[in-house]
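Numbering (the working numbering), first residue to last: 1 to 259. Note that the Cβ used here is the ideal one computed from N, Cα and C, for glycine as well. This structure is a prediction, so every number in the text was calculated from the model and none was measured. These notes concern the structure reproduced below.
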């Protein structure tokens with residue numbers, strides 16, 4: 001299986017690149033990954049369209065196709081009360097997260113269309129603030145909510161294509177973002193977020209194994225036909241999701257509820 005994974009220099013991207021060592025993995029990130037990571041790697045700023053387009057051409061010449069795209073790259077960016085943040089820093093955070101995802105999908109999308117013998121897979125990740133308000137993280141939350149809607153929209157546009165695209169809420173996984181919150185302190189990140197991040201670093205975050213299980217499932221043929229869904233790696237059971245998707249077209253999506 002030929003898999004493109006973004007954000008492989010650290011965090012979730014690095015863990016997934018390690019998880020799929022038995023597959024052919026091409027990793028992208030702005031920074032170099034650890035030396036012991038065994039995969040193809042190309043440095044790339046996903047917010048620069050010309051960089052992403054260049055790598056897509058390189059991958060096309062080398063592999064000719066892709067079976068899956070797993071987009072992990074993202075930035076926490078501007079943190080603080082929304083009305084006190086620098087407007088340009090806030091906007092840059094939103095743009096970086098949305099542009100990085102869209103540019104990657106736009107550039108590598110044609111490589112998902114080269115083999116019609118099976119369904120191809122795309123996975124994005126949401127984050128804190130995508131499913132409910134998260135004070136002090138408005139830019140990050142807005143960007144991640146936008147990615148949920150992008151996934152749902154592409155699933156509709158790709159109805160006639162053999163591509164499944166889904167977005168996963170990974171949970172409170174210990175990453176550099178967690179450490180950044182502690183370094184920012186309660187005044188910038190908010191007392192609740194600061195306490196939660198400190199406790200998370202001290203006692204361990206949510207299960208990385210559950211996240212890995214969901215990603216393995218979503219890039220496998222067992223998930224064929226599950227598309228446009230917003231899934232929690234920590235709280236959603238696979239059997240429940242499969243059953244709900246069959247019974248309800250809008251299950252596990254971002255919707256307005258009325259009584």
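Open item on the list: Give the list of continuous beta strand (DSSP E) stretches no shorter than 3 residues that lie fully inside the stretch 114 to 172.
Closed with: Those beta strand (DSSP E) runs which fall completely within the stretch 114 to 172 and span 3+ residues are 120 to 125 and 163 to 169.
Task: residue 2 - containing beta strand (DSSP E), residue span - done: By 1-based counting over the chain shown, the position of residue 2 is 2. Membership of residue 2 in the beta strand (DSSP E) is indicated by the continuous run 2 to 6.
Open item on the list: Rounding to the nearest angstrom, what Cα-Cα distance links residue 146 and residue 14 in this structure?
Closed with: Counting from 1 along the chain shown, the entry for residue 146 is found at position 146. Counting from 1 along the chain shown, the entry for residue 14 is found at position 14. Per the coordinates, the alpha-carbon of residue 146 lies some 24 Å from the alpha-carbon of residue 14.
Open item on the list: At the level of alpha carbons, what is the spacing between residue 230 and residue 166?
Closed with: Position 230 of the chain shown holds residue 230. Position 166 of the chain shown holds residue 166. The straight-line gap from Cα to Cα measures roughly 6 Å.
Task: C-alpha distance - residue 101 paired with residue 69, whole-angstrom precision - done: In the chain shown, residue 101 corresponds to position 101, counting from 1. In the chain shown, residue 69 corresponds to position 69, counting from 1. Taking the CA atoms as reference points, residue 101 sits about 11 Å from residue 69.
TODO: Determine the burial state of residue 193: buried for a count of at least 16 other Cβ atoms within 10 Å of its Cβ, exposed for fewer.
DONE: In the chain shown, counting from the first residue as 1, residue 193 sits at position 193. That one is buried.
Open item on the list: So, at 7 Å on beta carbons, what are the nonlocal neighbours of residue 186 in its own chain, with the 5 sequence-adjacent residues on each side left out?
Closed with: To locate residue 186, count along the chain shown from 1; it is residue 186. Answer for residue 186: 194, listed in chain order.
Open item on the list: Taking only three categories from DSSP, how would you classify residue 204?
Closed with: Looking up residue 204 in the chain shown gives position 204. In the three-state scheme derived from DSSP, where H, G and I count as helix and E and B as strand, residue 204 is classed as coil.
Open item on the list: Check for me: the beta strand (DSSP E) holding residue 28 runs from which residue to which?
Closed with: Residue mapping note: residue 28 aligns to position 28 of the chain shown, counting from 1. For residue 28, the enclosing beta strand (DSSP E) stretches over residues 24 to 29.
- [ ] For the stretch 221 to 235 and the stretch 35 to 50, state whether three or more C-beta atom pairs, one from each stretch, are separated by less than 8 Å.
- [x] Contact between the stretch 221 to 235 and the stretch 35 to 50 is absent, because fewer than three Cβ pairs lie under 8 Å.
Open item on the list: Excluding the 5 residues flanking residue 20 on each side, which residues of the same chain have their C-beta closer than 7 Å to its C-beta?
Closed with: Translated into the one-based positions of the chain shown, residue 20 becomes position 20. Counting only residues of its own chain and dropping the five nearest sequence neighbours on each side, residue 20 has a CB closer than 7 Å to the CB of 3.
Task: Span separating the alpha-carbon of residue 122 from that of residue 206 - done: Taking the chain shown and counting its residues from 1, one reaches residue 122 at position 122. Taking the chain shown and counting its residues from 1, one reaches residue 206 at position 206. Spanning the alpha carbons of residue 122 and residue 206 requires a straight line of approximately 23 Å.
Open item on the list: Rounded to the nearest angstrom, what separates residue 212 and residue 168 at their Cα positions?
Closed with: Here the question's residue 212 lines up with position 212 in the chain shown. Here the question's residue 168 lines up with position 168 in the chain shown. If you take the alpha carbons of residue 212 and residue 168, they lie about 11 Å apart.
Open item on the list: With distance defined between alpha-carbon atoms, name the residue in 126, 139, 210 and 46 nearest to residue 228.
Closed with: Here residue 228 is taken as the residue at index 228 of the chain shown, counted from 1. The shortest CA-to-CA distance from residue 228 to any of 126, 139, 210 and 46 is the one to 126.
Task: residue 42 - containing beta strand (DSSP E), residue span - done: The residue given as residue 42 occupies position 42 in the chain shown. Here the beta strand (DSSP E) through residue 42 covers 40 to 43.
Open item on the list: Assuming contact is defined by CB atoms lying nearer than 8 Å, are residue 59 and residue 52 in contact in what I supplied?
Closed with: Working through the chain shown from its first residue, we reach residue 59 at position 59. Working through the chain shown from its first residue, we reach residue 52 at position 52. No; because the gap between Cβ atoms is not below 8 Å, this pair is not in contact.
- [ ] Find out if the Cβ-Cβ distance for the pair residue 7, residue 74 is shorter than 8 Å.
- [x] Mapped onto the chain shown, residue 7 falls at position 7. Mapped onto the chain shown, residue 74 falls at position 74. Yes, the Cβ-Cβ distance between residue 7 and residue 74 is below 8 Å.
TODO: Tell me whether residue 68 sits in a helix, a strand or coil according to DSSP, three-state version.
DONE: As a working note, residue 68 is residue 68 in the chain shown. Strand, per DSSP.
Task: Inter-residue Cα distance where the pair is residue 89 and residue 77 - done: As a first step, residue 89 must be located in the chain shown, where it is residue number 89. As a first step, residue 77 must be located in the chain shown, where it is residue number 77. Going from the Cα of residue 89 to the Cα of residue 77 covers about 7 Å.
Open item on the list: Per DSSP, what are the beta-bridge partners of residue 231 in this structure?
Closed with: Position 231 of the chain shown, counted from the first residue, corresponds to residue 231. Answer is 168, bridged to residue 231.
- [ ] Can you give me the Cβ contacts of residue 178 inside the same chain, cut-off strictly under 8 Å, excluding the 5 residues immediately before and after it?
- [x] On the chain shown, position 178 is the one that residue 178 refers to. So the qualifying residues of the chain are 172, 197, 200, 201 and 205.
- [ ] Find out if the Cβ-Cβ distance for the pair residue 144, residue 155 is shorter than 8 Å.
- [x] Along the chain shown, one-based indexing puts residue 144 at 144. Along the chain shown, one-based indexing puts residue 155 at 155. When the beta-carbon positions are compared, residue 144 and residue 155 stay at least 8 Å from each other.
Open item on the list: Here's the rule: buried if 16 or more other CB atoms are within 10 angstroms of the residue's CB, otherwise exposed. What is residue 152?
Closed with: Here residue 152 is taken as the residue at index 152 of the chain shown, counted from 1. Residue 152 comes out buried.
TODO: Go ahead and label residue 170 buried or exposed: buried means 16 or more other beta carbons lie within 10 angstroms of its beta carbon, across all protein chains shown.
DONE: Taking the chain shown and counting its residues from 1, one reaches residue 170 at position 170. Result: buried.
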